[in-house]
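Novice: Pasting in a structure now, in C-alpha coordinates, and then I'll have a few things to ask.
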Amino acid sequence: MQIKYHQQRFIVGLLFVVPALAVAVVFFVYPIALTLRYSFTNWDGLFPQAEWVGLKNFAVVLGERSIKRVFFNTFYLVVLYVPVLNVLAVLIAVHIHNVVRLRNVYKAIMYLPQMLSLTVVGFVWKVIYSYDGGLINEAMIMLGLEWYTQDWLGQRGTVLPAMSLTIVWSALGYFILIYLAGLNAIPRELYESADVDGAGPLKQFLFITIPMLAQAITISVTLSAIGILGLFDLPFVLTEGGPGYLSETLALRVYMYAFAQLRIDYGLAMAVILGIISVLAALILLKLFRKREEVYG
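The structure is reproduced here in C-alpha coordinates:
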(Lines of atoms letter the chains of each structure in order from A and count residues from 1; the text may use other names and numbers.)
(Lines give C-alpha, C1' and ligand atoms only; values in the text may rest on other atoms or scores of the structure.)
Protein backbone atom coordinates (compact mmCIF):
# COMPACT_ATOMS: atom_id res chain seq x y z
CA MET A 1 0.00 0.00 0.00
CA GLN A 2 2.83 2.34 0.93
CA ILE A 3 4.63 1.52 -2.34
CA LYS A 4 1.54 2.39 -4.41
CA TYR A 5 1.19 5.67 -2.54
CA HIS A 6 4.79 6.65 -3.34
CA GLN A 7 4.31 5.57 -6.96
CA GLN A 8 1.22 7.73 -7.25
CA ARG A 9 3.07 10.71 -5.78
CA PHE A 10 5.93 10.14 -8.22
CA ILE A 11 3.56 9.99 -11.20
CA VAL A 12 1.69 13.12 -10.10
CA GLY A 13 4.98 14.97 -9.57
CA LEU A 14 6.20 13.80 -12.97
CA LEU A 15 3.05 15.13 -14.63
CA PHE A 16 3.78 18.56 -13.19
CA VAL A 17 7.42 18.46 -14.30
CA VAL A 18 6.96 17.10 -17.83
CA PRO A 19 5.44 20.27 -19.42
CA ALA A 20 8.23 22.50 -18.11
CA LEU A 21 10.83 19.89 -19.05
CA ALA A 22 9.38 19.62 -22.57
CA VAL A 23 9.56 23.40 -23.01
CA ALA A 24 13.18 23.43 -21.79
CA VAL A 25 14.15 20.63 -24.16
CA VAL A 26 12.39 22.13 -27.21
CA PHE A 27 13.42 25.76 -26.71
CA PHE A 28 16.75 25.39 -24.86
CA VAL A 29 18.46 22.01 -25.04
CA TYR A 30 17.59 21.20 -28.67
CA PRO A 31 18.67 24.60 -30.11
CA ILE A 32 21.96 24.40 -28.19
CA ALA A 33 22.57 20.90 -29.54
CA LEU A 34 21.86 22.09 -33.10
CA THR A 35 24.14 25.09 -32.64
CA LEU A 36 26.97 22.87 -31.49
CA ARG A 37 26.38 20.46 -34.36
CA TYR A 38 26.21 23.03 -37.15
CA SER A 39 29.11 25.08 -35.81
CA PHE A 40 31.36 22.28 -37.09
CA THR A 41 29.85 22.39 -40.58
CA ASN A 42 29.53 24.78 -43.52
CA TRP A 43 25.75 25.07 -43.04
CA ASP A 44 24.19 27.98 -44.95
CA GLY A 45 21.16 28.31 -42.66
CA LEU A 46 18.65 27.36 -45.34
CA PHE A 47 19.04 23.71 -46.22
CA PRO A 48 19.66 20.79 -43.85
CA GLN A 49 22.55 19.51 -45.95
CA ALA A 50 25.88 20.53 -44.48
CA GLU A 51 29.45 19.36 -44.88
CA TRP A 52 31.53 18.60 -41.80
CA VAL A 53 34.50 21.00 -41.61
CA GLY A 54 35.70 20.33 -38.05
CA LEU A 55 37.34 23.30 -36.34
CA LYS A 56 37.68 25.37 -39.51
CA ASN A 57 34.94 27.83 -38.54
CA PHE A 58 36.51 28.41 -35.12
CA ALA A 59 39.94 28.89 -36.71
CA VAL A 60 38.52 31.48 -39.11
CA VAL A 61 36.64 33.55 -36.53
CA LEU A 62 39.52 33.46 -34.03
CA GLY A 63 42.01 34.27 -36.80
CA GLU A 64 40.34 37.55 -37.77
CA ARG A 65 42.61 40.56 -37.36
CA SER A 66 39.90 42.43 -35.46
CA ILE A 67 39.01 39.64 -33.04
CA LYS A 68 41.42 40.85 -30.34
CA ARG A 69 39.73 44.23 -30.39
CA VAL A 70 36.29 42.60 -30.13
CA PHE A 71 37.40 40.57 -27.09
CA PHE A 72 38.95 43.69 -25.56
CA ASN A 73 35.75 45.71 -26.06
CA THR A 74 33.61 43.02 -24.47
CA PHE A 75 35.75 42.53 -21.39
CA TYR A 76 36.33 46.28 -21.07
CA LEU A 77 32.57 46.75 -20.83
CA VAL A 78 32.37 43.94 -18.25
CA VAL A 79 35.12 45.47 -16.10
CA LEU A 80 33.66 48.97 -16.41
CA TYR A 81 29.97 48.11 -16.17
CA VAL A 82 29.72 45.41 -13.49
CA PRO A 83 31.49 47.23 -10.60
CA VAL A 84 29.93 50.63 -11.36
CA LEU A 85 26.44 49.16 -11.71
CA ASN A 86 26.58 47.14 -8.50
CA VAL A 87 28.16 49.88 -6.38
CA LEU A 88 25.53 52.38 -7.53
CA ALA A 89 22.73 49.85 -7.06
CA VAL A 90 23.81 49.08 -3.48
CA LEU A 91 24.17 52.74 -2.51
CA ILE A 92 20.85 53.79 -4.04
CA ALA A 93 19.07 50.75 -2.59
CA VAL A 94 20.36 51.60 0.90
CA HIS A 95 19.21 55.19 0.49
CA ILE A 96 15.73 54.16 -0.69
CA HIS A 97 15.50 51.58 2.11
CA ASN A 98 16.20 54.26 4.70
CA VAL A 99 13.70 56.73 3.26
CA VAL A 100 10.38 56.77 5.10
CA ARG A 101 8.28 58.97 2.83
CA LEU A 102 7.78 58.45 -0.94
CA ARG A 103 9.78 55.20 -0.90
CA ASN A 104 7.55 53.59 -3.52
CA VAL A 105 7.79 56.68 -5.71
CA TYR A 106 11.60 56.43 -5.68
CA LYS A 107 11.37 52.74 -6.56
CA ALA A 108 9.09 53.47 -9.50
CA ILE A 109 11.34 56.26 -10.80
CA MET A 110 14.48 54.11 -10.60
CA TYR A 111 12.78 51.12 -12.23
CA LEU A 112 11.24 53.11 -15.08
CA PRO A 113 14.21 52.74 -17.50
CA GLN A 114 14.02 48.95 -17.07
CA MET A 115 10.51 49.03 -18.53
CA LEU A 116 11.73 50.54 -21.80
CA SER A 117 12.87 48.44 -24.73
CA LEU A 118 16.65 48.41 -25.12
CA THR A 119 16.14 49.47 -28.72
CA VAL A 120 14.23 52.55 -27.55
CA VAL A 121 16.90 53.26 -24.92
CA GLY A 122 19.57 53.00 -27.61
CA PHE A 123 17.86 55.46 -29.94
CA VAL A 124 17.21 57.96 -27.11
CA TRP A 125 20.81 57.90 -25.92
CA LYS A 126 22.10 58.08 -29.48
CA VAL A 127 20.32 61.42 -29.77
CA ILE A 128 21.68 62.51 -26.39
CA TYR A 129 25.25 61.69 -27.48
CA SER A 130 24.85 63.21 -30.94
CA TYR A 131 27.56 65.67 -31.96
CA ASP A 132 25.14 68.08 -33.66
CA GLY A 133 22.28 69.06 -31.38
CA GLY A 134 22.87 66.33 -28.81
CA LEU A 135 21.78 67.09 -25.25
CA ILE A 136 25.27 66.73 -23.77
CA ASN A 137 26.98 68.97 -26.32
CA GLU A 138 24.19 71.55 -26.18
CA ALA A 139 24.54 71.65 -22.38
CA MET A 140 28.30 72.17 -22.77
CA ILE A 141 27.69 75.08 -25.13
CA MET A 142 25.18 76.68 -22.75
CA LEU A 143 27.76 76.43 -19.95
CA GLY A 144 30.43 78.04 -22.10
CA LEU A 145 32.38 74.81 -22.54
CA GLU A 146 32.29 74.66 -26.35
CA TRP A 147 35.83 73.29 -26.41
CA TYR A 148 34.60 70.12 -24.62
CA THR A 149 31.93 69.21 -27.16
CA GLN A 150 32.82 66.05 -29.06
CA ASP A 151 31.50 63.06 -30.91
CA TRP A 152 30.93 60.83 -27.88
CA LEU A 153 30.11 57.70 -29.90
CA GLY A 154 32.66 58.33 -32.63
CA GLN A 155 35.96 58.40 -30.75
CA ARG A 156 38.21 55.73 -29.32
CA GLY A 157 38.44 57.25 -25.84
CA THR A 158 34.73 57.94 -25.28
CA VAL A 159 32.69 55.34 -27.17
CA LEU A 160 32.98 52.47 -24.66
CA PRO A 161 32.52 54.62 -21.51
CA ALA A 162 29.50 56.28 -23.15
CA MET A 163 28.04 52.91 -24.06
CA SER A 164 28.66 51.62 -20.54
CA LEU A 165 26.90 54.64 -19.02
CA THR A 166 23.85 53.93 -21.15
CA ILE A 167 23.78 50.28 -20.10
CA VAL A 168 24.11 51.20 -16.42
CA TRP A 169 21.25 53.70 -16.70
CA SER A 170 19.05 51.09 -18.35
CA ALA A 171 19.75 48.19 -15.97
CA LEU A 172 20.17 50.02 -12.66
CA GLY A 173 16.55 49.76 -11.50
CA TYR A 174 16.46 45.98 -11.85
CA PHE A 175 19.47 45.46 -9.59
CA ILE A 176 18.25 48.06 -7.10
CA LEU A 177 15.19 45.85 -6.56
CA ILE A 178 17.43 42.82 -5.94
CA TYR A 179 19.40 44.70 -3.30
CA LEU A 180 16.23 46.13 -1.75
CA ALA A 181 14.96 42.57 -1.32
CA GLY A 182 18.24 41.69 0.40
CA LEU A 183 18.02 44.74 2.65
CA ASN A 184 14.47 43.87 3.70
CA ALA A 185 15.73 40.46 4.87
CA ILE A 186 18.32 41.95 7.26
CA PRO A 187 17.01 41.86 10.87
CA ARG A 188 16.58 45.34 12.35
CA GLU A 189 17.95 44.02 15.65
CA LEU A 190 21.46 44.01 14.17
CA TYR A 191 21.34 47.76 13.54
CA GLU A 192 19.77 48.44 16.93
CA SER A 193 22.56 46.50 18.65
CA ALA A 194 25.14 48.40 16.60
CA ASP A 195 23.57 51.70 17.69
CA VAL A 196 23.82 50.64 21.31
CA ASP A 197 27.49 49.77 20.80
CA GLY A 198 28.12 53.20 19.31
CA ALA A 199 28.69 52.12 15.68
CA GLY A 200 28.00 54.91 13.21
CA PRO A 201 26.26 54.65 9.81
CA LEU A 202 29.50 53.93 7.94
CA LYS A 203 30.52 51.06 10.23
CA GLN A 204 27.01 49.64 10.10
CA PHE A 205 27.13 49.75 6.30
CA LEU A 206 30.55 48.09 6.10
CA PHE A 207 30.14 45.46 8.82
CA ILE A 208 26.41 44.70 8.72
CA THR A 209 24.84 45.73 5.43
CA ILE A 210 27.53 44.54 3.01
CA PRO A 211 28.12 41.14 4.69
CA MET A 212 24.38 40.49 4.97
CA LEU A 213 23.95 41.33 1.28
CA ALA A 214 26.37 38.57 0.29
CA GLN A 215 23.77 36.49 -1.54
CA ALA A 216 22.27 39.50 -3.32
CA ILE A 217 25.75 40.59 -4.41
CA THR A 218 26.48 37.10 -5.77
CA ILE A 219 23.27 37.09 -7.80
CA SER A 220 23.66 40.65 -9.07
CA VAL A 221 27.32 40.40 -10.06
CA THR A 222 26.77 37.10 -11.87
CA LEU A 223 23.64 38.28 -13.70
CA SER A 224 25.19 41.61 -14.69
CA ALA A 225 28.37 39.96 -16.00
CA ILE A 226 26.47 37.39 -18.07
CA GLY A 227 24.07 40.07 -19.29
CA ILE A 228 26.83 42.33 -20.59
CA LEU A 229 28.61 39.43 -22.27
CA GLY A 230 25.50 38.61 -24.29
CA LEU A 231 24.31 42.18 -24.85
CA PHE A 232 23.46 42.95 -28.46
CA ASP A 233 20.64 45.51 -28.65
CA LEU A 234 22.32 48.61 -27.26
CA PRO A 235 25.70 48.25 -29.03
CA PHE A 236 23.92 47.62 -32.31
CA VAL A 237 21.59 50.62 -32.03
CA LEU A 238 24.18 53.01 -30.59
CA THR A 239 27.18 52.35 -32.83
CA GLU A 240 26.75 49.13 -34.86
CA GLY A 241 30.25 48.33 -33.63
CA GLY A 242 31.82 51.53 -34.90
CA PRO A 243 33.85 53.53 -35.37
CA GLY A 244 35.69 50.71 -37.08
CA TYR A 245 35.67 47.85 -34.57
CA LEU A 246 36.15 50.08 -31.53
CA SER A 247 32.80 49.20 -29.92
CA GLU A 248 31.99 45.84 -31.48
CA THR A 249 31.26 43.12 -28.92
CA LEU A 250 31.21 39.33 -29.14
CA ALA A 251 27.40 39.23 -29.32
CA LEU A 252 27.41 41.85 -32.05
CA ARG A 253 30.05 39.89 -33.96
CA VAL A 254 27.70 36.87 -33.94
CA TYR A 255 25.05 39.03 -35.63
CA MET A 256 27.51 40.45 -38.15
CA TYR A 257 28.61 37.01 -39.25
CA ALA A 258 25.15 35.46 -39.38
CA PHE A 259 23.06 38.29 -40.85
CA ALA A 260 25.34 41.00 -42.27
CA GLN A 261 27.77 38.61 -44.00
CA LEU A 262 25.29 35.68 -44.25
CA ARG A 263 27.91 33.28 -42.90
CA ILE A 264 25.71 31.27 -40.57
CA ASP A 265 28.50 28.76 -39.90
CA TYR A 266 30.85 31.48 -38.66
CA GLY A 267 28.07 33.02 -36.60
CA LEU A 268 27.33 29.70 -34.92
CA ALA A 269 31.01 29.16 -34.14
CA MET A 270 31.17 32.64 -32.60
CA ALA A 271 28.01 31.91 -30.62
CA VAL A 272 29.54 28.72 -29.22
CA ILE A 273 32.66 30.64 -28.17
CA LEU A 274 30.49 33.29 -26.50
CA GLY A 275 28.45 30.60 -24.76
CA ILE A 276 31.56 28.91 -23.39
CA ILE A 277 32.93 32.22 -22.11
CA SER A 278 29.59 33.06 -20.45
CA VAL A 279 29.36 29.68 -18.72
CA LEU A 280 32.96 29.88 -17.50
CA ALA A 281 32.45 33.44 -16.24
CA ALA A 282 29.30 32.40 -14.38
CA LEU A 283 31.00 29.40 -12.78
CA ILE A 284 34.05 31.43 -11.72
CA LEU A 285 31.99 34.26 -10.26
CA LEU A 286 29.66 31.88 -8.43
CA LYS A 287 32.60 30.01 -6.94
CA LEU A 288 34.35 33.20 -5.82
CA PHE A 289 31.28 34.81 -4.32
CA ARG A 290 29.96 31.61 -2.75
CA LYS A 291 33.23 31.43 -0.79
CA ARG A 292 32.53 34.98 0.36
CA GLU A 293 29.04 33.96 1.45
CA GLU A 294 30.52 31.09 3.52
CA VAL A 295 32.91 33.53 5.24
CA TYR A 296 30.02 35.73 6.33
CA GLY A 297 27.85 32.76 7.23
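1073 is the number of the first residue of the sequence shown in the working numbering; add one for each residue after it.
Positions of the beta carbon are idealized from the N, C-alpha and C atoms, including for glycine.
Computed from a predicted model, the values in this text were never measured in an experiment.
Are there three or more Cβ pairs, one per stretch, closer than 8 Å when the region 1294-1305 is compared with the region 1350-1363?
Specialist: Between the region 1294-1305 and the region 1350-1363, the count of Cβ pairs shorter than 8 Å is three or higher; the stretches touch.
Novice: Excluding five sequence neighbours on each side, which residues of the same chain lie with their C-beta closer than 7 Å to the C-beta of I1213?
Specialist: T1221
Novice: How about L1149 and S1236: are their beta carbons less than 8 Å apart?
Specialist: yes
Novice: With H, G and I counted as helix, E and B as strand and the rest as coil, what does DSSP make of W1115?
Specialist: W1115: coil per DSSP, three-state reduction.
Novice: Please classify W1124: does DSSP put it in a helix, a strand, or coil?
Specialist: strand
Novice: For F1331, which of helix, strand or coil comes out of DSSP?
Specialist: helix
Novice: Buried or exposed for A1288, going by 16 or more other Cβ atoms inside 10 Å?
Specialist: buried
Novice: Helix or strand or just coil, what does DSSP make of D1337?
Specialist: helix
Novice: Is the region 1159-1171 close to the region 1243-1251, with three or more CB pairs under 8 Å?
Specialist: yes
Novice: Nearest to L1318 by alpha carbon, out of I1280, S1138, V1133, Y1102?
Specialist: S1138
Novice: Could you name each continuous alpha helix (DSSP H) segment of 4 residues or more that falls completely within the region 1211-1268, going from the start of the chain to the end?
Specialist: 1228-1256, 1260-1268
Novice: Between G1347, L1360, E1320, R1362, which has its C-alpha nearest S1111's C-alpha?
Specialist: The residue with the shortest Cα to Cα distance from S1111 is G1347.
Novice: Rounded to a whole number of angstroms, what is the C-alpha to C-alpha distance between P1103 and I1336?
Specialist: 14 Å
Novice: Grab the span of the alpha helix (DSSP H) containing A1161 for me, first residue to last.
Specialist: 1139-1170
Novice: What is the residue span of the alpha helix (DSSP H) that I1280 lies within?
Specialist: No alpha helix (DSSP H) contains I1280, which DSSP labels as neither H nor E.
Novice: Is the region 1251-1271 touching the region 1279-1286 in the sense that three or more CB pairs, one from each, lie closer than 8 Å?
Specialist: yes
Novice: Determine the DSSP secondary structure at Y1102, reduced to helix, strand or coil.
Specialist: Helix at Y1102.
Novice: Restricting to Cα atoms, I'd like to know which of L1322, P1315, L1334 is closest to A1343.
Specialist: L1322
Novice: With H, G and I counted as helix, E and B as strand and the rest as coil, what does DSSP make of R1081?
Specialist: R1081 falls in the helix class under three-state DSSP.
Novice: Taking the continuous alpha helix (DSSP H) assigned at L1306, which residues delimit it?
Specialist: 1305-1310
Novice: Might you give, ordered along the chain, the residues of its own chain that have their beta carbon closer than 7 Å to the beta carbon of W1241, omitting 5 neighbours on each side?
Specialist: P1185
Novice: So, for M1073: in the same chain, excluding its five sequence neighbours on each side, which residues have a beta-carbon less than 7 Å away from its beta-carbon?
Specialist: No answer about M1073 holds up, because its pLDDT of 49 lies below 50 and its placement is not dependable.
Novice: Check whether the region 1325-1339 touches the region 1124-1133, counting contact only when three or more Cβ pairs, one atom from each stretch, lie closer than 8 Å.
Specialist: yes
Novice: From the DSSP output, in three-state form, read off P1315 for me.
Specialist: coil
Novice: Have a look at P1315, H1167, F1279, T1294 and flag the residue whose alpha-carbon is nearest the alpha-carbon of V1151.
Specialist: Taking the Cα of V1151 as reference, the smallest distance to any Cα among P1315, H1167, F1279, T1294 is reached at T1294.
Novice: In the structure shown, what three-state DSSP assignment does L1188 receive?
Specialist: Here L1188 sits in coil by DSSP.
Novice: Is it right to say E1320 is buried, meaning 16 or more other beta carbons lie within 10 angstroms of its own, or is it exposed?
Specialist: buried
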